[in-house]
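**Student:** Going down the list, the protein sequences come from chains Z and V. Start counting the first sequence at 6; every next residue gets the next number (our numbering). Start counting the second sequence at 201; every next residue gets the next number (our numbering). All C-beta atoms in this analysis are idealised placements derived from N, C-alpha and C, irrespective of residue type, glycine included. I am attaching a structure below and will ask some questions about it afterwards.
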Amino acid sequence: EDQVTQSPEALRLQEGESSSLNCSYTVSGLRGLFWYRQDPGKGPEFLFTLYSAGEEKEKERLKATLTKKESFLHITAPKPEDSATYLCAPGGRDDKIIFGKGTRLHILP
Amino acid sequence: DTAVSQTPKYLVTQMGNDKSIKCEQNLGHDTMYWYKQDSKKFLKIMFSYNNKELIINETVPNRFSPKSPDKAHLNLHINSLELGDSAVYFCASSQVDTGPQYFGPGTRLTVT
Numbered sequence: 006e007d008q009v010t011q012s013p014e015a016l017r018l019q020e021g022e023s024s025s026l027n028c029s030y031t032v033s034g035l036r037g038l039f040w041y042r043q044d045p046g047k048g049p050e051f052l053f054t055l056y057s058a059g060e061e062k063e064k065e066r067l068k069a070t071l072t073k074k075e076s077f078l079h080i081t082a083p084k085p086e087d088s089a090t091y092l093c094a095p096g097g098r099d100d101k102i103i104f105g106k107g108t109r110l111h112i113l114p
Numbered sequence: 201d202t203a204v205s206q207t208p209k210y211l212v213t214q215m216g217n218d219k220s221i222k223c224e225q226n227l228g229h230d231t232m233y234w235y236k237q238d239s240k241k242f243l244k245i246m247f248s249y250n251n252k253e254l255i256i257n258e259t260v261p262n263r264f265s266p267k268s269p270d271k272a273h274l275n276l277h278i279n280s281l282e283l284g285d286s287a288v289y290f291c292a293s294s295q296v297d298t299g300p301q302y303f304g305p306g307t308r309l310t311v312t
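This is the structure we're talking about:
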């Protein structure tokens, strides 16, 4: 059965303190792994798609990486506006993407 | 110029009522989805349509019925509402089945 686990569940960082969020997945025939950001009261906002192990994508202070079993979202020198829930969602052969429960990130000024 | 829009944003109703949520996308995407996000913030797919054809139909009570009048619209009708239906419902769309999905703002349904 396809599964995805995100850790930690919640993370509090000081502004400027870099860290990484983890997404472990078990998916048959990975057809893409997606990262989303969700702010309270809003819909998930698409950030990145990763398709193959070794691939990296960057956007401002965020960098996503992918291995055969995990994906990481690295946050460099975060700012308070980076506070949100970050969702990992691998997609498998059946064209469904499975969302993890997310990591709630809080950046303290 | 909202990409994916949903109406209403909030819906409060009593048990046993029937209600509908509407979704429209102006991205020209072929695939649309309905997701349910429960109180624990877990996002789970309910249905997907590709060009008006039902593709994914997860284990959802048959009180829930999606309808796609055209590929830009996907509505969700819910019969005989129950307390457990309270959640936030998100509509999404994607260019292809395996591509990134773009989400609407959500509809918060509260059943009393």
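Please compile the residues from chain Z whose C-beta is within a distance smaller than 9 Å of the C-beta of T310/V.
**Tutor:** One-based indexing of the second sequence puts residue 310/V at position 110. Correct list: empty, because the minimum Cβ distance to chain Z is about 14 Å.
**Student:** Identify every run of the alpha helix (DSSP H) within the stretch 232 to 291 of chain V, keeping only runs that are complete inside it and at least 4 residues long; order them along the chain.
**Tutor:** The qualifying runs do not exist here; there are none.
**Student:** Would you call the stretch 210 to 228 of chain V in contact with the stretch 285 to 293 of chain V, where contact means no fewer than 3 C-beta pairs closer than 8 Å?
**Tutor:** In short, these stretches touch, since the Cβ pair count reaches three.
**Student:** Can you tell me whether P85/Z is helix, strand or coil according to DSSP?
**Tutor:** Start at 1 with the first residue of the first sequence, and residue 85/Z comes out as number 80. Reduced to three states, the DSSP call for P85/Z is helix.
**Student:** Does D7/Z get closer than 7 Å to chain V when you measure Cβ to Cβ?
**Tutor:** Mapped onto the first sequence, residue 7/Z falls at position 2. Cβ-Cβ to chain V under 7 Å: no for D7/Z.
**Student:** Alpha carbon to alpha carbon, how far is S57/Z from K73/Z? Give it in angstroms, no decimals.
**Tutor:** As a working note, residue 73/Z is residue 68 in the first sequence. As a working note, residue 57/Z is residue 52 in the first sequence. Computed Cα separation, rounded: 8 Å.
**Student:** Show which residues of chain Z have a CB atom less than 7 Å away from the CB atom of P300/V.
**Tutor:** Working through the second sequence from its first residue, we reach residue 300/V at position 100. In chain order: F39, F51, T54.
**Student:** Compare the Cα-Cα distances from I80/Z to each of G96/Z, K101/Z, H111/Z and report the closest residue.
**Tutor:** In the first sequence, residue 80/Z corresponds to position 75, counting from 1. It is H111/Z whose Cα lies nearest to the Cα of I80/Z.
**Student:** Enumerate in chain order the residues of its own chain whose CB-to-CB distance from K64/Z is below 8 Å, with the five nearest sequence positions on each side excluded.
**Tutor:** Counting from 1 along the first sequence, the entry for residue 64/Z is found at position 59. Cβ neighbours of K64/Z beyond the five flanking positions: L52, F53.
**Student:** Just how far apart, CA to CA, sit F104/Z and A89/Z?
**Tutor:** Counting from 1 along the first sequence, the entry for residue 104/Z is found at position 99. Counting from 1 along the first sequence, the entry for residue 89/Z is found at position 84. Roughly 16 Å between the two C-alpha positions.
**Student:** Exposed or buried, Q214/V, counting other C-beta atoms within 10 Å across all chains shown (16 or more means buried)?
**Tutor:** The sequence position of residue 214/V within the second sequence is 14, counting from 1. Counting Cβ neighbours within 10 Å, Q214/V comes out exposed, since fewer than 16 surround it.
**Student:** Cβ closer than 9 Å: which chain Z residues qualify as neighbours of F247/V?
**Tutor:** For the purposes of this step, residue 247/V is taken as the residue at position 47 of the second sequence. In chain order: nothing, as chain Z lies at least about 11 Å away.
**Student:** So which residues of chain Z does K236/V contact, with C-beta pairs closer than 9 Å?
**Tutor:** Counted from its first residue, the second sequence places residue 236/V at position 36. Under the 9 Å cutoff, chain Z gives no residues; its nearest Cβ is about 11 Å from K236/V.
**Student:** Do we get a CB-CB distance below 7 Å when we pair D100/Z with the residues of chain V?
**Tutor:** The residue given as residue 100/Z occupies position 95 in the first sequence. It does; some Cβ of chain V falls within 7 Å.
**Student:** Anything in chain V within Cβ reach of I90/Z, meaning under 9 Å, just list it in chain order.
**Tutor:** In the first sequence, residue 90/Z corresponds to position 85, counting from 1. The sequence shown places Thr at residue 90/Z, rather than the Ile named in the question. The answer, in chain order, is K241.
**Student:** Which full runs of the beta strand (DSSP E) of 3+ residues lie inside the stretch 6 to 81 of chain Z, going along the chain?
**Tutor:** If we require 3 residues or more, the beta strand (DSSP E) runs fully inside the stretch 6 to 81 of chain Z come out as 8 to 12, 15 to 19, 24 to 31, 37 to 43, 50 to 55, 61 to 64, 67 to 71, 75 to 80.
**Student:** Using the Cα positions of T298/V and N217/V, report the straight-line distance between them to the nearest angstrom.
**Tutor:** Within the second sequence, the letter at position 98 stands for residue 298/V. Within the second sequence, the letter at position 17 stands for residue 217/V. Straight-line Cα distance between these residues: approximately 36 Å.
**Student:** Within 10 angstroms of the Cβ of K101/Z, are there 16 or more other Cβ atoms? Answer buried if so, exposed if not.
**Tutor:** Within the first sequence, residue 101/Z is the residue found at index 96, counting from 1. Its Cβ being crowded by 16 or more others within 10 Å, K101/Z is buried.
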